[in-house]
Amino acid sequence: MNIGVIGFGKMGMLHAGIVNGLKGHKTVSISENSDFIGSSLKALMPHIKVYSDYVSMLDNEKLDAVFITTPVHMHVDMAIEAIRRKIPFFVEKPMALSASDSKRLVDELDKTPTLNMVGYMMRYISTFKKAKKIIASNALGDIITFNYSLYVSQLFKPGKGWRYDKTKSGGGLMMGPTSHVVDLMSWFFGPTHGVNASALGYYSKTTEDFIHAIFHMKSGVKGWLDSSWSVRGHRLVESRFEVHGSRGMLILTDDYVKVCMDEATDNLKAGWTSWTKPELHEEVELDIGGPQYTLEDVDFLEHVKRGEKIECDVYSAHEVQKIITAIYESAEEKGAFKVVNS
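Residue numbers are given in the numbering used here: position 312 of the sequence shown equals residue 385, and the series is strictly consecutive.
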């Protein structure tokens, strides 16, 4: 498969590298509007066609798929151009600046169905996949409540770059690492009815550095999320997820899954059972940044080959955007309950 990449920052380099390492796939063209990066690419990789204008790349290259890895405010317009040419596309998360922005993409897909995927890669982490299977099996019984914390020591002074510019990123912490958590809540528990939220920006003047949200799921389950990128003692992103059910509980981190059951089931013993990340490891052709990225890209490319719809697509990501919009609206109104618009 011949693949194009729009935007050659960190994520563009990651996906291009993975594609080139997969048998039967190659990155044939890159669009990058930075003259410095573009000229460097031409000098170092003369076999790859480099464009300064992504529309020209889409028009002139025979692409089987394209990866969109630019700042968030560019995502929707670029994806729409891919749709109009019926080129399957992968767009990094978060998909859009807001729910109204992502709705433009949904409307375009309704008119011209095109295979697509959104990069919520935490679904491909082995421990999270294991937790999903356990929750979906109903082994825990009725889900009573859940909580999720995500912390990282990232920001202790005003941030620089597009990720800290609301006009380009759509927000702060919520649109960054915490958008993954919102996607996971939907994946684990289904649609969200509404939210209550509070947010605090200390180092960031126009966006949030701390956020707390209560989720009211359509199933009737309630749970909460607490997140910050301004907490000391967390060199890497650290997350912890607890699910409490009528027959047991589950604890999930990046490194392990633990389940405590009141009674034995067909697949789980009474008491504690645990699985570590190495025990759940899945072999991949190459590992650049973590096997989850390779698994994600392989899943996308295989679905494109087969012409099959992908689970983590624009429609599911639009639901995430609607939840995030409701969280921001609730926080602006001092925690008022906000229904997630249908």
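Using N, Cα and C, we set each Cβ at its ideal position, and we do this for glycine too.
Is residue i near residue j, with beta carbons less than 8 Å apart?
i    : j    : result
L228 : D282 : yes
Y416 : K166 : Given a span of 74 to 415 for the chain in the structure shown, any question on residue 416 remains unanswerable.
M74  : H98  : yes
L136 : I160 : yes
L117 : E105 : no
V330 : K205 : no
L309 : V225 : yes
L87  : G362 : yes
D327 : T200 : yes
G77  : E154 : no
K241 : P144 : yes
M190 : T142 : no
S175 : Q394 : yes
S102 : I121 : yes
E315 : F219 : yes
L257 : M168 : no
D215 : S319 : yes
D335 : G321 : yes
V123 : G111 : yes
Which whole-angstrom value is the C-beta distance of residue i and residue j, which I expect to be below 8 Å?
i    : j    : result
V377 : L188 : 5 Å
I217 : H317 : 5 Å
S271 : A404 : 6 Å
I397 : V255 : 6 Å
Y276 : S312 : About 21 Å separates the two Cβ atoms, so there is no contact after all.
K407 : V268 : 13 Å between Cβ atoms; not a contact.
V139 : I79  : 6 Å
A286 : L298 : 5 Å
T185 : K239 : No, T185 and K239 are not in contact; Cβ-Cβ is about 31 Å, not under 8 Å.
L48  : L323 : Past the edges of the chain, shown from 74 to 415, lies residue 48, and the structure says nothing about it.
A209 : L178 : Actually they do not touch by this definition, with Cβ atoms about 28 Å apart.
H146 : V164 : The pair is not a contact, with the Cβ atoms about 12 Å apart (cut-off 8 Å).
If you follow the alpha helix (DSSP H) that residue i is in, where does it begin and where does it stop?
i    : result
R379 : 364-379
A404 : 387-405
G90  : 83-94
S242 : 239-242
Starting from residue i and walking both ways along the beta strand (DSSP E), at which residues does that stretch end?
i    : result
F314 : 311-318
T346 : 344-349
M74  : Premise fails: M74 is in no beta strand (DSSP E) and is neither H nor E.
T338 : Counting along the chain, T338 falls outside any beta strand (DSSP E), and DSSP gives it neither H nor E.
F219 : 216-224
I361 : Unbroken run through I361: none, as it is neither H nor E.
L213 : Premise fails: L213 is in no beta strand (DSSP E) and is neither H nor E.
G321 : 321-326
For a minimum of 3 consecutive residues, which ranges assigned as the beta strand (DSSP E) are wholly contained in the segment 144-202?
The segment 144-202 contains these whole beta strand (DSSP E) runs: 162-165, 189-192.
At a cut of 8 Å, does the segment 246-265 reach the segment 289-296 through at least three beta carbon pairs?
Yes: at least three Cβ pairs fall under 8 Å.
Contact between the segment 236-252 and the segment 342-360 is defined here as three or more beta-carbon pairs at a separation below 8 Å; is this criterion met?
Contact fails: fewer than three Cβ-Cβ distances are below 8 Å.
In chain order, which alpha helix (DSSP H) runs of at least 4 residues are fully inside the segment 92-148?
The DSSP assignment places 108-117, 127-133 as complete runs of the alpha helix (DSSP H) inside the segment 92-148, in order along the chain (cut-off: 4 residues).
Within the chosen definition, does the segment 355-375 reach the segment 387-396 through at least 3 CB pairs nearer than 8 Å?
At 8 Å Cβ cutoff, the stretches do not touch.
Please list the segments of the alpha helix (DSSP H) lying wholly inside the segment 233-303, counting only runs of 4 or more residues, in order along the chain.
If we require 4 residues or more, the alpha helix (DSSP H) runs fully inside the segment 233-303 come out as 239-242, 251-262.
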